[in-house]
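I have placed the structure first, in the form of structure tokens, so that the comments after it can refer back to it.
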Amino acid sequence: MKKILVINGPNLNMLGVREPEIYGNTGYLDLVKKIEKWASELGVEAECLQSNHEGEIVDFIQKAYFDKADAIIINPAAYTHTSIAILDALKAVNLPAAEVHISDINEREQFRHISYAGMACEAHFIGLGLEGYKKALEYFAEK
Ligand code: DQA
Numbered sequence: 057m058k059k060i061l062v063i064n065g066p067n068l069n070m071l072g073v074r075e076p077e078i079y080g081n082t083g084y085l086d087l088v089k090k091i092e093k094w095a096s097e098l099g100v101e102a103e104c105l106q107s108n109h110e111g112e113i114v115d116f117i118q119k120a121y122f123d124k125a126d127a128i129i130i131n132p133a134a135y136t137h138t139s140i141a142i143l144d145a146l147k148a149v150n151l152p153a154a155e156v157h158i159s160d161i162n163e164r165e166q167f168r169h170i171s172y173a174g175m176a177c178e179a180h181f182i183g184l185g186l187e188g189y190k191k192a193l194e195y196f197a198e199k
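Counting from 57, one number per residue, gives the positions in the sequence shown under my numbering.
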């Protein structure tokens, strides 16, 4: 069974509370439940991890390598737009990766238009709400 690590960055643990007009009303734990359900329907294994700390996200990416994961789905949240360390970690492990953003970062403030992590991702699911995680799971399940 394919093993997929789903990594969420800072403030995504506040889903359902933070700016619901942008990110919706579903909480992080409900997102995790949805991801686990979608994964089991697709016949893949998904492990969900979340951190508010840049270095811990780097550790999660390296864990994907040491755990022999088949792919990474990552929403680095605000670190998307700032973190060379996360970009370098994705390049270092050289695993197939997909970037997810709940909101459409290209339609928001200019500072959200650049995605460093996205430069190491082969697929991008942007502005699709929580469905983006489903589409990313489908992408790797079918690959
Ligand atoms: C986000 C978009 C980022 O710009 C923002 O900092 C987030 C969430 C998204 O999923 O839409 O925290 O990655």
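Quick reminder that beta carbons are idealized off the backbone N, C-alpha and C, glycines included.
Out of A179, V73, A134 and E97, the CA that lies nearest to the CA of E110 is found in A134. Taking 8 Å as the cut-off, the C-beta of L61 does not count as close to any heavy atom of the ligand DQA.
Sequence-distant Cβ neighbours of V88 in its own chain, meaning closer than 6 Å and more than five residues away, are C104.
Closest option to K147, judged by alpha-carbon separation, among H137, F167, G174 and T138: G174.
Per DSSP, reduced to three states, the secondary structure at L184 is coil, with no helix or strand assignment.
Assignment of beta-bridge partners to N64 by DSSP yields Q106 and N131. Per the Cβ contact rule, the stretch 146 to 163 is in contact with the stretch 183 to 196 (3 or more Cβ pairs under 8 Å). Using a Cβ distance threshold of 9 Å, L193 and I129 count as a contacting pair.
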